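Okay, so here's the structure we're looking at.
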Amino acid sequence: MGAEAGAIGHRPAGTGTTRVNDHPLVDALVGNVKTRADFARARDEGWYRVPVATVPESLRDPLLRGRVRSLALYLPSAFRDEGCQVRWVAPIRAVVERQRRELLPDEPEHPRADQPYLRLDLGPLNLLPHPIPSQRLRRIVLIPTTRAKLETAGEINDLFHASPLEDVLWRALKDDGIEAEREYFVDGDWQRRYALDFAIFGNAGNLDVECDGDAYHANPVKAAYDNRRNNFLTARGWKVLRFSTAQIREALPDVLTYVRATLKQCGGASMIDHPVTFADVEPLPDALWQPALWAAEEATGRTVEPRRPERRNTPGSARRGSHGRRRARPDLAAAGSPEADESSVPPVRTRSLWDGVEAEPGEA
Numbered sequence: 428m429g430a431e432a433g434a435i436g437h438r439p440a441g442t443g444t445t446r447v448n449d450h451p452l453v454d455a456l457v458g459n460v461k462t463r464a465d466f467a468r469a470r471d472e473g474w475y476r477v478p479v480a481t482v483p484e485s486l487r488d489p490l491l492r493g494r495v496r497s498l499a500l501y502l503p504s505a506f507r508d509e510g511c512q513v514r515w516v517a518p519i520r521a522v523v524e525r526q527r528r529e530l531l532p533d534e535p536e537h538p539r540a541d542q543p544y545l546r547l548d549l550g551p552l553n554l555l556p557h558p559i560p561s562q563r564l565r566r567i568v569l570i571p572t573t574r575a576k577l578e579t580a581g582e583i584n585d586l587f588h589a590s591p592l593e594d595v596l597w598r599a600l601k602d603d604g605i606e607a608e609r610e611y612f613v614d615g616d617w618q619r620r621y622a623l624d625f626a627i628f629g630n631a632g633n634l635d636v637e638c639d640g641d642a643y644h645a646n647p648v649k650a651a652y653d654n655r656r657n658n659f660l661t662a663r664g665w666k667v668l669r670f671s672t673a674q675i676r677e678a679l680p681d682v683l684t685y686v687r688a689t690l691k692q693c694g695g696a697s698m699i700d701h702p703v704t705f706a707d708v709e710p711l712p713d714a715l716w717q718p719a720l721w722a723a724e725e726a727t728g729r730t731v732e733p734r735r736p737e738r739r740n741t742p743g744s745a746r747r748g749s750h751g752r753r754r755a756r757p758d759l760a761a762a763g764s765p766e767a768d769e770s771s772v773p774p775v776r777t778r779s780l781w782d783g784v785e786a787e788p789g790e791a
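The opening residue of the sequence shown carries number 428 in this note's numbering; numbering runs sequentially from there.
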C-alpha cells in the first residue's frame, strides 16, 4: 500500500481524466467481535476493547481525541445467522488506554494480561438500516470508515477508507464486474501478515492489485519490504500488479485492461465460496435509525435510551438471500410523520442478540 493509504483525511489535489475527490475524515470504526461474551459486554456493559498494537498509528490520535464518533460491530461466522456481517452500531463516548488485566480482572493469567488496550465506552447499541455482509470468509481486524459509508455500504468492501486512490480503483472494479476483497490478510513469512490492497481470486491462481502512492518509489525501506512480500506471494501462486497514482488517475481503462488480462491468466474469476444468509431481522425505519439518537444526544447532552427491537411472532417476515436482495417492505412513510408514534412502526424481530448471552466454554 502506498504512502497515501495511511493518511487519514488526506486530500490530494490531483489532475487528469480521473479526478480524486476530497477524502472525508475517518469518523467511524468497524471492530471485530470474537466471542458472544464480547458482544454481551458491548450490549449490556457498554464497552469494547482493542489491542493498542492493532490500531494504526494514524488512527490512535483521532480515537483518543474523540474524532472517531461511532463503532460498528462485525460478527464472525461463529454467530451463525447473525455472522459474517456488520449489523450493529453505537456512538463512542470516551476512549482510554488500560492494561488487559484492568479490563478483565477475572483473567489475570491471560498471556496478554499486561498488554495495553484501548477501551471504547459506548452508547446504546442499535441496528444499522441494513446488514453489511462479507461474502467471503476472511479475517477482519479494524476497518477505519465513515458514518456515510456505514449508512450506504452494500458489502463490507464498501466500508474501507484507506486512501482516495483505493476508493477510485474499487469503484472501477465494481463497475467492471470484478469481485475483489479489500485489505485482505495473507499469512506471510517471518510470522508476519501481509495486507493486500485488493485480492482477486481465480480458478487457477490469485491476483494481488496494489495502489502505490506518489511517495512509494522514494521510500527504499518500503520498496525492500514489498520486494520480499511480492516474492513470497509469487512463490505461492499469486500474481502481483502495482499501479501508480498517475495510472489510476489518468489511465484507469488501461489499469482495468491489465487486471482483466492477468485474471484470465489465473483461470478466470472463481465463484464466491461463502454466500451470506441473513438473520430474520427487519431493518429499522429511517425514523428510528441511529443518527437521530446521535443528534439528540449531541443537542441535549443527555443519554438517549435505545429502542430495543421487540420480538414478533407473526410468520413470513422478509429475508435476504445470498446476494443481499430483500423483498419490498410496506410503506413506512407514516413512521416519519410528526403524528406517528412507536405503535405505528412495524415491530422488529431479532433471533438471539437481545437475549442474555453467556460466555461459551473456552472463549478468550
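Beta carbons are placed, not taken as given, at the ideal position from N, Cα and C, and that holds for glycine. Since we're looking at a predicted model, the values are computed, not measured.
Query raised in the report: Are the stretch 460–476 and the stretch 543–561 in contact at 8 Å, needing three or more beta carbon pairs?
Result: In the pairwise beta carbon analysis, the stretch 460–476 is classified as touching the stretch 543–561: at least three pairs are separated by under 8 Å.
Query - Residue span of the beta strand (DSSP E) that contains residue 568, given as start and end - result: In the DSSP annotation of this structure, residue 568 is not part of any beta strand (DSSP E), being labelled neither H nor E.
Query raised in the report: By Cβ distance, which residues of its chain are closer than 6 Å to residue 637, with the 5 residues on each side in sequence left out?
Result: Cβ contact annotation for residue 637 (same chain, cutoff 6 Å, sequence separation greater than five): 624 and 669, in chain order.
Report task. Just confirm the distance between the C-beta atoms of residue 495 and residue 521, as a whole number of angstroms; I'd bet it's less than 8 Å. Result -> Residue 495 to residue 521, Cβ: 11 Å. No contact.
Query - Proximity winner among 505, 562 and 490, relative to residue 611 (alpha-carbon distances) - result: Taking residue 611 as reference, the option from 505, 562 and 490 with the minimal CA-CA separation is 562.
**Report entry** Through-space distance from residue 696 to residue 630, alpha-carbon basis
**Finding:** If you take the alpha carbons of residue 630 and residue 696, they lie about 6 Å apart.
Query raised in the report: How is residue 504 classed by DSSP in three states: helix, strand or coil?
Result: Assignment of residue 504 by DSSP, reduced to helix, strand and coil, places it in the helix class.
**Report entry** Span of the beta strand (DSSP E), counted from its first residue to its last, around residue 516
**Finding:** Annotation for residue 516: the continuous beta strand (DSSP E) segment containing it runs 512–526.
Query - Three-state class that DSSP yields for residue 485 in the structure shown - result: Residue 485 falls in the helix class under three-state DSSP.
Requested in this report: Mind checking which residues open and close the alpha helix (DSSP H) that includes residue 654?
Outcome: Here the alpha helix (DSSP H) through residue 654 covers 647–662.
Report task. Measure the alpha-carbon distance for residue 602 versus residue 656 and round it to whole angstroms. Result -> Approximately 29 Å between the Cα atoms of the pair.
Query raised in the report: If you check the beta carbons only, do residue 681 and residue 692 fall under 8 Å apart?
Result: With respect to residue 692, residue 681 sits apart: the two C-beta atoms are not nearer than 8 Å.
Query raised in the report: Is the Cβ-Cβ distance between residue 559 and residue 580 less than 8 Å?
Result: Residue 580 is positioned such that its CB atom lies closer than 8 Å to that of residue 559.
Report task. On the DSSP bridge assignment, give the partners of residue 614 in chain order. Result -> In the DSSP secondary-structure assignment, residue 614 is bridged to 620.
Query raised in the report: Under the rule that 16 or more other beta-carbon atoms within 10 Å means buried, what is residue 590, buried or exposed?
Result: In this structure residue 590 is buried. Its beta-carbon is surrounded by 16 or more other beta-carbon atoms within 10 angstroms.
Query raised in the report: What are the partner residues of residue 626, as DSSP defines its beta bridges?
Result: Residue 626 is bridged to 608 and 635.
**Report entry** DSSP state of residue 666 mapped onto helix, strand, coil
**Finding:** In this structure, residue 666 counts as strand in the three-state DSSP scheme.
Query raised in the report: So, using beta-carbon positions, are residue 479 and residue 545 closer together than 8 Å?
Result: Taking C-beta atoms as the reference points, residue 479 and residue 545 count as a pair closer than 8 Å.
Report task. Could you tell me which residues DSSP puts in a beta bridge with residue 544? Result -> Partner(s): 478 and 525.
Query raised in the report: Distance, Cα to Cα, residue 735 vs residue 554?
Result: Any reading at residue 735 needs caution, since the residue's pLDDT is 40, under 50, leaving its predicted position unreliable; the model's value is listed next. Distance between the alpha carbons of residue 735 and residue 554: 9 Å.
**Report entry** Cβ-based burial, residue 576 [other Cβ within 10 Å; buried from 16]
**Finding:** So residue 576 ends up on the buried side.
Query raised in the report: Just reading off the beta strand (DSSP E) that residue 456 is part of, what are its end residues?
Result: Per DSSP, residue 456 belongs to the beta strand (DSSP E) from 455–459.
Query - Residues near residue 659 in its chain [Cβ-Cβ closer than 8 Å; skip 5 each side] - result: Closer than 8 Å at the Cβ level, and outside the excluded window around residue 659, lie 615, 616 and 621.
Query raised in the report: Is it true that the CB of residue 584 sits closer than 8 Å to the CB of residue 393?
Result: Since the first and last residues shown for the chain are 428 and 791, residue 393 lies out of range.
Query raised in the report: Rounded to a whole number of angstroms, what is the C-alpha to C-alpha distance between residue 666 and residue 609?
Result: Roughly 16 Å separates the two Cα atoms.
Query raised in the report: Taking Cβ to Cβ, would you say residue 497 is nearer than 8 Å to residue 516?
Result: It is a contact, given that the beta carbons lie within the stated cut-off.
Query raised in the report: Hey, residue 502 and residue 460: beta-carbon distance below 8 Å or not?
Result: Contact flag set, yes.
**Report entry** Closest by C-alpha distance to residue 557, when choosing among 650, 452 and 582
**Finding:** Shortest Cα-Cα distance from residue 557 to any of 650, 452 and 582 involves 582.
Report task. For the alpha helix (DSSP H) holding residue 675, just list the boundary residues, first then last. Result -> Going by DSSP, residue 675 is part of the alpha helix (DSSP H) stretching over 672–677.
Requested in this report: Starting from residue 558, follow the alpha helix (DSSP H) in both directions and report where the run begins and ends.
Outcome: Bounds of any alpha helix (DSSP H) do not take in residue 558; it lies within the beta strand (DSSP E) bounded by 553–560.
**Report entry** Close beta carbons around residue 628, own chain, < 6 Å, minus the five adjacent residues each side
**Finding:** If we look at residue 628 and ignore the five residues flanking it on each side, its Cβ neighbours are 697.
Requested in this report: Assign residue 523 to buried or exposed, taking buried as 16 or more other Cβ atoms, counted over all protein chains shown, within 10 Å of its Cβ.
Outcome: Here residue 523 is exposed. Its C-beta has fewer than 16 other C-beta atoms within 10 Å.
Query - 6 Å CB neighbourhood of residue 752 in its chain, flanking five on each side removed - result: For residue 752, the predicted model reports a pLDDT of 36, less than 50, meaning its position is unreliable; a value from the coordinates is still stated below. Closer than 6 Å at the Cβ level, and outside the excluded window around residue 752, lies no residue.
Query raised in the report: Going by Cα to Cα distance, which pick from 676, 542, 481 and 633 is closest to residue 661?
Result: Nearest option by C-alpha distance: 633.
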